[in-house]
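Okay, structure first, notes after.
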Amino acid sequence: MSGDDLDDGLDYELQVSDSESLPESTELTDNEVETESSKRTRTSSQLDHVEPDQIVSKRQKKLAKSKVHQKKLEKVEDDKNQKKALPKSSPERIADYLATLIRQKFPDLSALELEEHYFKRTDFISTEAYEKERNLHNFQEFVNKFSKSPRAVILSPSNIRVADVFRSLGGSQSAVKLFTKSKLKDDVARVDLLLKSPKPKGVKTKKAQKDKKGALVKYFISTPTRLEKIASSTDSFFEGKDKLDIFLDASYLDPKANTLFTSEDSGALFAVLKEFLNKKSSVKILLF
């Protein structure tokens with residue numbers, strides 16, 4: 001028989017000392033239950049709202065980034081349109097635009113020194129009347145319409161563009177390429193040969209035939225840097241009193257949206273244009 005089954009009619013009373021008191025009950029009081037419940041409720045409520053807030057925040061950030069990106073795209077497109085529209089502007093507008101670029105390029109020069117680099121509106125011939133798109137397909141028509149001189153220089157921003165313009169003008173029948181794919185001394189010799197006066201009629205030598213072919217060449221297509229080097233090596237371009245037109249391939253934008261005026265060659269461009277204006281009489285600049 002176990003002790004739990006024993007019933008001897010006696011009441012037993014256990015005495016427990018203070019040192020041996022039973023552990024306090026782990027049950028929570030009403031206030032503690034309420035407080036803990038409130039904490040759980042608030043925590044649960046916070047958790048319920050964290051995710052939606054984060055989603056809204058991410059959406060707002062994404063939307064903000066999208067708006068900023070869109071504004072950047074619009075600015076880039078607007079910049080491109082302004083660059084393409086420049087050749088269709090008045091000589092006054094072109095001269096002002098170049099003055100701004102020159103000030104940016106030479107920030108340390110005084111106002112008096114900058115005057116030597118500026119272009120006058122009379123240096124340019126307006127091409128505002130040409131309403132067709134200014135692309136390679138229309139290049140030949142454009143130069144035929146506006147060029148009144150026996151010879152003309154065309155400046156493009158790259159070797160590849162020089163080759164494209166050369167083909168658009170009928171190739172070697174009327175134009176010559178002057179770029180870095182040829183040796184500089186060969187380009188200088190070619191310029192000297194082509195700009196010499198043709199021989200009198202009736203002379204049947206091979207040299208005379210070359211001179212006759214040279215007399216048919218009107219367009220000298222080059223990059224600003226290449227032409228600057230050629231001009232420093234020969235004075236052939238500056239001899240004589242014939243008019244000379246300089247066409248600037250200004251409508252073309254490279255893959256980085258730079259034009260002839262904003263390319264790495266812009267410094268050479270401004271320098272060689274000034275050299276031609278100072279050394280050659282009757283020089284006019286036209287923007288394609």
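FYI, the numbering for the sequence shown is 1 to 288, going by the UniProt record's numbering.
Glycine included, C-beta positions come from ideal geometry on N, C-alpha and C.
Assigned exposure category for residue i - 16 Cβ within 10 Å defines buried
i	result
Ala-152	buried
Leu-73	exposed
Val-272	buried
Ile-154	buried
Arg-134	buried
Asp-187	buried
Val-283	buried
Ala-231	buried
Ser-147	buried
Arg-167	exposed
Leu-98	buried
Phe-288	buried
Leu-112	exposed
Lys-105	exposed
Check: residue i C-beta below 7 Å from any heavy atom of the ligand ADP
i	result
Pro-255	By its list of ligands, the structure shown contains no ligand whatsoever, and the ligand ADP lies outside what it can speak to.
Straight-line gap, residue i to residue j (C-alpha atoms, nearest Å)
i	j	result
Gln-60	Lys-67	10 Å
Leu-184	Ser-156	17 Å
Ile-94	Lys-58	46 Å
Asp-235	Asn-278	13 Å
Asp-254	Asn-81	14 Å
Asp-79	Ala-268	23 Å
Ser-172	His-69	46 Å
Gln-140	Asp-164	12 Å
Val-143	Phe-179	21 Å
Lys-132	Val-162	21 Å
Asn-138	Tyr-219	16 Å
Gly-240	Pro-150	12 Å
Lys-65	Leu-136	38 Å
Ser-174	Leu-109	42 Å
Leu-227	Lys-71	39 Å
Leu-169	Phe-276	23 Å
Lys-62	Lys-274	50 Å
From the options, residue whose alpha carbon lies closest to that of residue i
i	options	result
Lys-243	Asp-123, Ser-263 and Leu-193	Asp-123
Ser-222	Ser-89, Ser-233, Leu-248 and Gln-173	Leu-248
Thr-262	Glu-92, Thr-100, Ser-281 and Glu-77	Thr-100
Lys-181	Leu-260, Gly-170 and Ile-160	Ile-160
Thr-259	Lys-71, Leu-86, Lys-62 and Lys-65	Leu-86
Asp-192	Lys-274, Gly-170, Ser-174 and Ser-233	Ser-233
Neighbourhood of residue i by C-beta distance below 6 Å, restricted to the same chain and skipping five residues each side
i	result
Ile-246	Val-153 and Ile-285
Lys-84	Ser-251
Lys-196	none
Beta-carbon contacts of residue i that lie in its chain and below 8 Å, excluding the five residues immediately before and after
i	result
Glu-128	Lys-88, Ser-89 and Ser-90
Ile-102	Leu-114, His-117, Tyr-118 and Phe-270
Lys-145	Tyr-130
Ala-257	Val-76, Asp-79, Lys-80 and Lys-83
Cβ neighbours of residue i in the same chain (closer than 7 Å, five flanking residues each side left out)
i	result
Asp-265	Pro-157, Thr-223, Pro-224 and Thr-225
Lys-229	Leu-184
Arg-190	Val-176
Arg-121	Pro-91, Glu-92 and Ala-95
Phe-238	Lys-279 and Lys-280
Ser-126	Ser-90 and Pro-91
If you scan the region 212-244 from start to end, which runs of the beta strand (DSSP E) of 3 or more residues do you find wholly inside it?
219-222
Beta strand (DSSP E) runs contained entirely in the region 133-179, provided each spans 3 or more residues
151-155 and 175-178
Unbroken stretches of the alpha helix (DSSP H), 4 residues or longer, contained in the region 48-124
91-105 and 111-115
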